[in-house]
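Here the structure is laid out as structure tokens; the discussion comes afterwards.
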Amino acid sequence: MSKELEGTSITLIIPLMLVIIDGMNVRVGDANYTVPTTSFKESFKPKLSDVITDPDGNEMIMVRGHCYPILRLHERFHTRDSYTDFTEGIFVMIEQMAKAYACS
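For the sequence shown, the residue numbers in numbering that gives the first Met the number 0 are 0 to 103.
Right, here's the structure in full:
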């Protein structure tokens with residue numbers, strides 16, 4: 000039974016494999032995230048002219064002749080103080096389970 004002003008103790012057990020995973024830190028607004036280097040393909044400065052919006056409103060970007068969906072991380076994770084203009088940030092190309100996304 001919880002009692003007011005008595006505090007809480009939490010024990011977090013992390014599997015050893017997760018502790019030693021190699022990753023790249025990415026900042027989105029006021030939050031930091033770690034992307035496993037095995038999922039990281041590249042980073043690049045986007046050009047607004049490469050951004051395409053389909054009839055359903057989905058945003059995509061053309062990179063070397065291939066079209067990739069854009070995942071806006073500030074919307075996904077509800078971060079504050081984020082830039083929303085593509086030209087002010089850097090895209091990170093992530094590939095996981097044979098799917099690639101351009102994350103902004």
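For every residue, glycine included, the Cβ atom is placed at its ideal position computed from N, Cα and C. As the structure is a computational prediction, the values presented were derived from the model and not from experiment.
Going by Cα to Cα distance, which pick from the options is closest to residue i?
i          : options         : result
residue 87 : 46, 4 and 9     : 46
residue 55 : 68, 36 and 37   : 68
residue 98 : 20, 2 and 40    : 40
residue 95 : 35, 26 and 10   : 35
residue 73 : 9, 44, 2 and 89 : 89
According to the Cβ coordinates, are residue i and residue j closer than 7 Å?
i           : j           : result
residue 79  : residue 28  : yes
residue 101 : residue 60  : yes
residue 91  : residue 48  : no
residue 24  : residue 37  : no
residue 75  : residue 103 : no
Assuming residue i contacts residue j under a Cβ cut-off of 8 Å, what Cβ separation, rounded to an integer in Å, is found between them?
i          : j          : result
residue 62 : residue 85 : Actually they are not in contact, since the Cβ atoms of residue 62 and residue 85 sit about 13 Å apart, beyond 8 Å.
Quick check on DSSP: helix, strand or coil for residue i?
i          : result
residue 26 : strand
residue 90 : strand
residue 72 : helix
Less than 6 Å separating the Cβ of residue i from some heavy atom of the ligand NAP?
i          : result
residue 57 : In the structure shown, the ligand NAP is absent, as is every other ligand, since no ligand is present at all.
Could you name each continuous alpha helix (DSSP H) segment of 4 residues or more that falls completely within the segment 34–58, going from the start of the chain to the end?
none
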